[in-house]
Amino acid sequence: MGEDNAPWPRFRGNPAQTGRVAFQGQPGARGWTYPPKEAADRPGNAARGIFNSPVIEAGGTIWSGDGAGRLLALSPQRDLLAKQDLPHLIDTTPLLADDGLYLSCGDGWIYHRRKGATEATRWFQAARPTDAFINWFEGHLALDARGRVVAPCDNRRLYLVERGEPATFWDFALDDQGWSLPCVNRHGQMFFGNNAMRMAGDPIPRPNLFGVDAGDRTFWRYETGGSVVASPLWGQGDWLYAGSFDGTLYAFDFSGGKLPGAPAWTLQTRDHLYASPAQLSSGTVIQAGCDGSVYALHPFSGEVLWQYDTSPLNPLRSSPAVDAANRIWLGTGDGHLLVLGPDGRRLHAFPLPVPGPRKAVNASPALAPAGVVIGDSEGALHHLPWPATAAVEQEEQAQGPILRPEAFLLPTDVWGVSRRGHPGAVRCGQTLCFTLDARMPGPGGSSQATLGLLQDVRALPEKRWEVALSGDRRYVLLRPRDAQPGEELALELQADWVVQPQRQGLRMEAGYRAGTVRNVWIVPVLPGDGAPPALPPAHLWLQRIVMALPGLMPSYNQIGFETLVYAITQVTALGQDRWLYWLTGCQVNANPDVATRVRFPLVARYDSASGMLALEGHEVVSELNGFTTHMKHFGLTCWLDAAGRPGPEPCLRISYFPAGVEFYGPFLEGLGMGSADRPIEVLGSGDMRVNHPQEEVPGLQATCTVQDGQVTARCRAATSLGQACLSLALLDDSGVPVSTDYSNELARTLDGDDTVLTLRRSQGTAWPARFSVWLVANSQALRLA
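Here is the structure:
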């Protein structure tokens with residue numbers, strides 16, 4: 001059924017999903033990097049990261065898909081053997097079978113490239129969702145014991161499709177999106193997870209681990225405290241292992257035909273589990289965590305045999321692969337391919353030449369006789385030859401033996417990568433982030449990462465620094481007040497931290513005070529880049545967004561964030577160095593999106609001396625991550641060069657309470673991302689640029705009336721307005737945007753040749769007695785009243 005003798009035919013390598021191979025690697029091959037798809041000059045279709053695993057044929061051909069929808073076939077020597085551009089992103093690992101290659105895509109289709117064919121063609125389409133939000137395929141593909149294609153889907157279904165007749169299929173209804181790929185045991189049984197989890201206050205159980213027998217009957221289910229997006233491992237002795245977003249690895253004993261009602265043991269880590277577990281030939285279970293640690297566990301007792309902490313700590317989302325010598329291979333959150341020995345010693349940490357600032361390697365490695373292949377978040381594919389020796393690489397130790405708890409505040413960039421040392425120079429208005437790294441004495445007095453939370457943070461002098469503690473209490477955000485180019489800022493950062501919090505999954509409260517961490521720095525403020533222009537650009541784009549923190553954000557939706565495209569249009573000047581801008585969501589190809597639920601105003605401050613352009617909105621109501629969200633604050637800051645172009649690392653900051661999120665608010669609170677008194681503090685970045693405005697609407701004109709808490713605009717133009725994105729913006733007499741829901745409270749109808757827009761006042765809000773009204777059509781602004 002699977003391709004004969006393929007060294008890595010599917011995600012996790014084999015049906016049991018051990019991630020382990022039996023063949024010996026052959027040192028001596030050449031290492032190489034295949035570049036990502038070249039970015040277009042114009043915005044749109046910008047996604048290109050790799051978040052899956054390649055597959056490798058028996059002859060060595062490597063197949064890989066990326067966020068740009070590019071399917072590649074490469075030889076072990078890097079020769080391009082085949083390339084095909086599919087119409088949507090590829091987030092999943094292909095499947096090699098005896099009748100060719102299968103590949104699922106973000107357009108809801110599974111594609112099949114038959115042996116000898118020159119391209120992959122549409123083969124099976126997932127049903128359009130009824131109660132689901134999308135029908136993307138984000139789960140990997142496999143074969144079940146009967147040779148059917150197994151395909152988890154975002155439309156809350158798991159499909160089993162007959163290869164000879166794809167119209168014949170069985171589907172399993174789920175409570176939420178399906179990313180977890182089933183493992184298949186020797187009895188023909190499948191075990192898989194689901195994204196569902198019980199929200200706070202919900203009395204109805206939400207099982208998210210399932211067992212299905214060879215007759216397609218569900219015979220077992222279990223509920224963990226978080227989404228199960230990782231793919232379970234069927235281990236030696238008929239044991240099942242599965243990680244959950246509640247931060248726990250669960251082990252179930254199915255030996256002797258038992259149906260366990262509870263786990264035999266659990267391991268509670270410091271953060272959520274995204275990576276799938278692996279197993280050494282000895283039976284030792286290997287689990288990488290988003291807490292930055294790799295754990296080795298006895299398969300039957302759950303005893304922690306060793307714990308390897310990355311230094312500095314960065315999330316591990318890459319699922320480990322294990323070679324015949326029981327070496328453990330995985331990508332790291334700071335751009336390395338990490339190799340550990342079976343005893344937990346670091347053998348190598350190969351720096352990958354990631355072609356861009358997104359250093360996190362969230363993809364998973366594939367093993368072949370010629371070497372190890374892994375993708376990165378910028379869309380490049382790396383081939384590393386087998387090392388000629390297994391000698392232990394000397395690892396630089398962050399600190400020696402410790403006798404008491406210690407903590408460090410690690411500078412963390414807008415892409416979520418932490419490092420040790422000085423935070424470095426900053427630009428005017430730039431946000432600094434520091435992540436807590438807490439340590440306790442480990443075996444032999446070694447320094448071992450432990451769960452610590454920030455309790456109280458102070459940045460001195462207070463008048464120069466704004467401070468925001470994250471909702472999960474794991475990091476703190478600082479922004480200098482009124483910094484000037486060339487200035488040197490004094491910063492004394494003090495933080496009390498606690499251990500052993502009261503914990504339910506990732507929802508944590510209180511804790512015992514462990515100490516205070518204190519750092520004193522002088523932080524230089526960088527001068528402007530050349531001579532920035534006197535005025536800011538009228539049209540900007542933001543795309544390929546990264547929401548790096550909190551760490552659950554990229555784990556849940558990084559590939560979705562990659563597809564977002566926002567147009568930012570200058571509406572009017574508000575006075576000296578202040579402008580009103582309007583942000584709207586666009587289609588993936590950057591064309592206007594008539595039905596977008598992303599529309600809101602931003603007030604910009606521009607400093608021509610430093611080139612800082614800071615766009616901010618307060619009490620913003622808009623769609624965020626697919627759901628209407630009441631944001632306390634939305635901020636986007638970039639720094640223009642002498643040509644007026646934004647630099648490569650704009651800073652995105654969003655602050656909101658879980659209760660302000662439609663539908664998923666209790667879900668976010670249950671995972672500890674925030675609470676009623678601690679907002680979620682998002683930090684991220686993206687690709688921001690000056691670009692051509694969207695197509696203007698010729699002959700656009702409109703009239704406006706304001707009555708009974710609503711604004712009505714009648715619009716017409718020389719051409720049809722059917723494809724134009726139309727919005728209404730309100731501005732009070734003091735130049736402050738009126739806070740309202742500009743998307744859900746906007747109605748659009750046709751009345752003869754007129755397009756009528758009606759903006760209603762949101763329930764429970766008050767509008768000022770006087771305000772001006774602006775019509776924004778694509779990238780064109782027109783004052784109406």
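Here the sequence shown stands for residues 1 to 785, where the numbers follow full-length UniProt numbering.
Every residue, glycine too, gets a C-beta built ideally from N, C-alpha and C.
Worksheet item: Which residues mark the beginning and the end of the alpha helix (DSSP H) in which Leu552 is found?
Response: Leu552 to Glu562
Practice prompt. Would you list the one or two residues that DSSP bridges to Thr435?
Written response: Leu410 and Tyr475
Worksheet entry | Sheet register partners of Thr248 (DSSP bridge) | Gln268
Worksheet item: Using 8 Å as the Cβ pair cut-off and three pairs as the minimum, do the segment 526-534 and the segment 610-623 touch?
Response: yes
Item to complete: Report yes if the C-beta distance between Arg605 and Arg645 is below 8 Å; otherwise report no.
Response: no
Item to complete: Tell me where the beta strand (DSSP E) around Glu623 begins and ends.
Response: Met612 to Leu624
Discussion item. Taking the alpha carbon of Arg186 as the reference point, which residue from Gln707, Asn135 and Leu233 has its own alpha carbon closest?
Written reply: Leu233
Worksheet item: Considering Pro152, what are the terminal residues of the beta strand (DSSP E) in which it resides?
Response: Val149 to Cys153
Discussion item. Can you find the residues in the same chain that come closer than 7 Å, C-beta to C-beta, to Tyr222, ignoring five residues on each side of it along the sequence?
Written reply: Pro207 and Leu209
Item to complete: To the nearest angstrom, report how far apart Ala22 and Ile522 are at their CA atoms.
Response: 54 Å
Worksheet item: Would Leu352 pass as a contact of Asp376 if the rule is Cβ separation under 8 Å?
Response: yes
Worksheet entry | Residues near Ser75 by beta carbon distance below 7 Å, same chain, minus five either side | Gly60, Thr61 and Leu81
Worksheet item: Can you tell me the Cα-Cα spacing of Leu493 and Arg458, whole angstroms?
Response: 6 Å
Worksheet item: When the distance is taken between beta carbons, is Ala483 closer than 8 Å to Ile56?
Response: no
Fill in: Beta-carbon separation (whole angstroms), Leu273 vs Gly292, contact threshold 8 Å
Between Gly292 and Leu273 the Cβ distance is about 12 Å, and since that is not below 8 Å, they are no contact.
Item to complete: Going by CA-CA distance only, name the one from Leu624, Ala366 and Leu640 that's closest to Ser64.
Response: Ala366
Fill in: Per-residue DSSP class, three states only, for Pro443
helix
Worksheet item: Do you know whose CA, among Asn52, Asn194, Ala262 and Gln587, lies nearest Gly331's CA?
Response: Asn52
Discussion item. Helix, strand or coil, according to DSSP, for residue 786 in the structure here?
Written reply: Since the first residue shown for the chain is 1 and the last is 785, residue 786 is missing from the structure and cannot be characterised.
Discussion item. Along the chain, where does the beta strand (DSSP E) containing Glu38 start, and where does it finish?
Written reply: Where Glu38 is concerned, there is no enclosing beta strand (DSSP E), given that its DSSP letter is neither H nor E.
Item to complete: Evaluate the contact criterion for the segment 538-554 versus the segment 680-693: three or more CB pairs, one atom per stretch, below 8 Å.
Response: yes
Practice prompt. For Val426, collect the residues of the same chain with a Cβ closer than 8 Å to its Cβ; drop the 5 residues on either side in sequence, then sort them by chain order.
Written response: Leu432, Pro480, Ala483, Leu489, Val523, Pro524, Val525 and Leu526
Worksheet item: Taking just the CA atoms, how far does Ala567 sit from Ala68?
Response: 20 Å
Worksheet item: With respect to the beta strand (DSSP E) encompassing Pro601, which residues constitute its N-terminal and C-terminal limits?
Response: Arg599 to Asp607
Discussion item. Quick check: Ala468 and Gly452, are their CB atoms within less than 8 Å of each other?
Written reply: no
Practice prompt. Sort out for me which residues DSSP pairs Phe169 with in a bridge.
Written response: Val161
Worksheet item: For the beta strand (DSSP E) that Glu303 lies in, which residues bound it at each end?
Response: Where Glu303 is concerned, there is no enclosing beta strand (DSSP E), given that its DSSP letter is neither H nor E.
Worksheet item: If you run the structure through DSSP and keep just helix, strand and coil, what is Ala781?
Response: strand
Worksheet item: What number of angstroms, rounded off, separates the C-alpha of Pro405 from the C-alpha of Ala278?
Response: 31 Å
Practice prompt. Could you please give me the residues that DSSP links to His383 through a beta bridge?
Written response: Trp32 and Val373
Worksheet item: What does Gly49 pair with, by DSSP beta-bridge criteria?
Response: Paired residue(s): none; Gly49 is not in a bridge.
Worksheet item: Exposed or buried, what is Gln430 when buried is set at 16 or more other beta-carbons lying within 10 Å of its beta-carbon?
Response: buried
Discussion item. Whole angstroms are fine: how far does the CA of Ser227 sit from the CA of Tyr159?
Written reply: 19 Å
Worksheet item: Count the other CB atoms within 10 Å of the CB of Phe657; is the residue buried (16 or more) or exposed (fewer)?
Response: buried
Item to complete: With DSSP as the reference, label Gly684 as helix, strand or coil.
Response: strand
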